[in-house]
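All remarks here apply to the structure that follows.
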Amino acid sequence: MTGFLRTRFLALFAACAGLSLAACSQLTVKLPAIADSDQYRPGQVIWRDLLTRDMAGIKHFYGELFGWQFTPVAGALGDADYQLIEYQGQWIGGVVDTRGFKARDNLSQWINVFSTRDMADSVARVKAAGGTLVGGPRQVGERGELALVQDPQGAHFALLQTRQGDTVARPHQPGYFLWQELWNQDGNGDFYQTLFGATKQQATLNGGSFDYFAVDDKPAFAVLSSPLEGLPSTWVSYLQVEDVGATLARVESLGGRILVPAQNNPAGGQLAVILDPSGAGLVIQTWAHTTADATHTLNASGVTP
Numbered sequence: 502m503t504g505f506l507r508t509r510f511l512a513l514f515a516a517c518a519g520l521s522l523a524a525c526s527q528l529t530v531k532l533p534a535i536a537d538s539d540q541y542r543p544g545q546v547i548w549r550d551l552l553t554r555d556m557a558g559i560k561h562f563y564g565e566l567f568g569w570q571f572t573p574v575a576g577a578l579g580d581a582d583y584q585l586i587e588y589q590g591q592w593i594g595g596v597v598d599t600r601g602f603k604a605r606d607n608l609s610q611w612i613n614v615f616s617t618r619d620m621a622d623s624v625a626r627v628k629a630a631g632g633t634l635v636g637g638p639r640q641v642g643e644r645g646e647l648a649l650v651q652d653p654q655g656a657h658f659a660l661l662q663t664r665q666g667d668t669v670a671r672p673h674q675p676g677y678f679l680w681q682e683l684w685n686q687d688g689n690g691d692f693y694q695t696l697f698g699a700t701k702q703q704a705t706l707n708g709g710s711f712d713y714f715a716v717d718d719k720p721a722f723a724v725l726s727s728p729l730e731g732l733p734s735t736w737v738s739y740l741q742v743e744d745v746g747a748t749l750a751r752v753e754s755l756g757g758r759i760l761v762p763a764q765n766n767p768a769g770g771q772l773a774v775i776l777d778p779s780g781a782g783l784v785i786q787t788w789a790h791t792t793a794d795a796t797h798t799l800n801a802s803g804v805t806p
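To get our numbering, take the position in the sequence shown, counting from 1, and add 501.
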């Protein structure tokens, strides 16, 4: 795929985010709880939902490529199909079948869901900082109260105030999500500092320095100028793999596409960008760095989660 076509393709699914989120907000939603602790992690990504119009294709793709399993949840989104993603006995996300939205465009993408302990305060901060409330806030069953948001540069994400507690941080092992970054026009994260009270930090690894944002002194995300020219602002999820080359060798045979081939990451390891069969993109990455006490794996920005 040429650079021009690659940019146009990514721009399409990023620009369709608002339509997909607005469509979700019109459904009768009864999502199951995601808590596996009574703890809360405000400002952290605690969940991800994949929007797709090819449920069968993505289940085969992610199941074969990463070993994920899928469990349907009857009545979660009215007549639309919603399934939970399980890996090694832990829930790591969900999948929404968007065919019920009756949209002409491909809406497929991963939506990052951030924790909040005070939805009303978060919504007020969104508006004060120049963001837009796309949908909600509204109760979504046992999961809690959900709001769908667009930041000032157009990136979409969700806020969730859970009813029973947040998910705990998942292991940094192959098959699990590793990190999240916002790719925007100028690498500016001021909106998220206002929204989450995030502070900008810096870590050093492999002789280079890496900026990231922490919430309550815990690494939460990074904000970068987009590495793809012309790409609208979008949140990007990183997934850890054992071997980038071996993973890429199977992507196309399973119906996916290789957007950016394997390349060395200055922070260590290799990474690549792929699209699943419905067009949702994510970064796959190897990661083996450890902290000084060798008990915690560092994340993609070289900081301890």
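Glycine included, each C-beta is placed from N, C-alpha and C at the ideal position. Because the structure is a prediction, the values reported are computed rather than measured.
{"Check": "For H657, three-class secondary structure by DSSP", "Outcome": "strand"}
{"Check": "Strand pairing of R549, partner residues [DSSP]", "Outcome": "N613"}
{"Check": "For A781 and L532, believed in contact at Cβ under 8 Å, the rounded distance", "Outcome": "In fact, because the Cβ distance is near 19 Å, the residues do not count as touching under 8 Å."}
{"Check": "Candidates A557, L566, V597 and Y588: closest to A575 by CA position", "Outcome": "V597"}
{"Check": "Alpha carbon of P675 to alpha carbon of S710, nearest angstrom", "Outcome": "25 Å"}
{"Check": "Contact set for G757: own chain, Cβ-Cβ below 7 Å, skip 5 residues either direction", "Outcome": "F562, I775, L776, D777 and P778"}
{"Check": "Per-residue DSSP class, three states only, for Y588", "Outcome": "strand"}
{"Check": "Beta strand (DSSP E) segment containing E646, residue limits", "Outcome": "G645 to Q651"}
{"Check": "Helix, strand or coil at I593 according to DSSP, with G and I counted as helix", "Outcome": "strand"}
{"Check": "Continuous beta strand (DSSP E) stretch holding V724: start and end", "Outcome": "K719 to S726"}
{"Check": "Closest Cα partner of R639 within the set S734, R664, G770 and D691", "Outcome": "R664"}
{"Check": "Given Y588 as reference, the closest of I612, F678, W611 and L649 once Cα atoms are compared", "Outcome": "F678"}
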